[in-house]
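Below: the structure, in structure tokens.
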């Protein structure tokens, strides 16, 4: 885990999930798998990055929590919404994201959840899954939200 912790009292946790079109060791996913290390390194060098929770692709908790061994999970912490948005939409990550339909099923429900955590806390996979489920079941709220309906950090 890389940690570039900032001094703010609150940080933004994010989970996003995707359902791969095939097994991760298949030729169809080879280009995606080849990009993982460089995109993670780019995130870690990005302004506002705090930490990433390393979830190995073979982690059996992913299948148990999300119902499929083909679910790919990204869980990270940022110093705020603007930093995360800059990484997602204004970096090389965007180029890779444009190819996601080649590698992943189209999501049928929200696949991203954001929530505020106290600086220094690190979310668990189980907590992140619960926050995503909350967005899927109830939409955005202060407890879990999406880019389209951001919530301010607690005061």
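Residue numbers (this note's numbering): 824 to 978. Even glycine gets a Cβ: it sits at the ideal position worked out from N, Cα and C. This one's a predicted model, so the numbers in the text were calculated from it and none came from an experiment.
Please name the residue in the options whose C-alpha comes closest to that of residue i.
i: residue 908; options: 831, 833, 832 and 837; result: 837
i: residue 857; options: 950, 832 and 926; result: 926
i: residue 924; options: 833, 844 and 832; result: 844
i: residue 854; options: 912, 920 and 930; result: 920
i: residue 839; options: 933, 966 and 974; result: 933
i: residue 831; options: 841, 940, 969 and 950; result: 940
i: residue 963; options: 938, 950 and 852; result: 938
i: residue 918; options: 974, 931, 851 and 859; result: 859
i: residue 852; options: 922, 835, 887 and 886; result: 922
i: residue 846; options: 873, 835 and 881; result: 881
With respect to the alpha helix (DSSP H) encompassing residue i, which residues constitute its N-terminal and C-terminal limits?
i: residue 862; result: 853-868
i: residue 970; result: Careful: residue 970 lies outside any alpha helix (DSSP H) and carries neither H nor E.
i: residue 889; result: 883-889
i: residue 837; result: Residue 837 -> not in any alpha helix (DSSP H); beta strand (DSSP E) instead, spanning 833-842.
i: residue 849; result: Taken as a continuous stretch (DSSP letters only), residue 849 belongs to no alpha helix (DSSP H), as it is neither H nor E.
i: residue 927; result: Segment: none, residue 927 is in no alpha helix (DSSP H) and carries neither H nor E.
i: residue 945; result: Unbroken run through residue 945: none, as it is neither H nor E.
i: residue 917; result: 915-920
Less than 8 Å between the beta carbons of residue i and residue j, yes or no?
i: residue 889; j: residue 928; result: no
i: residue 893; j: residue 948; result: no
i: residue 943; j: residue 902; result: no
i: residue 833; j: residue 976; result: yes
i: residue 910; j: residue 869; result: yes
i: residue 906; j: residue 842; result: no
i: residue 904; j: residue 850; result: no
By the DSSP assignment, the beta strand (DSSP E) with residue i in it spans what residues?
i: residue 936; result: 935-941
i: residue 898; result: 894-901
i: residue 876; result: 872-876
**Study point:** Sufficient close CB pairs (3 or more, under 8 Å) joining the stretch 852-864 to the stretch 958-965
**Key:** no
Check your understanding: Do the stretch 894-911 and the stretch 876-885 touch if we need at least three Cβ pairs shorter than 8 Å?
Key -> yes
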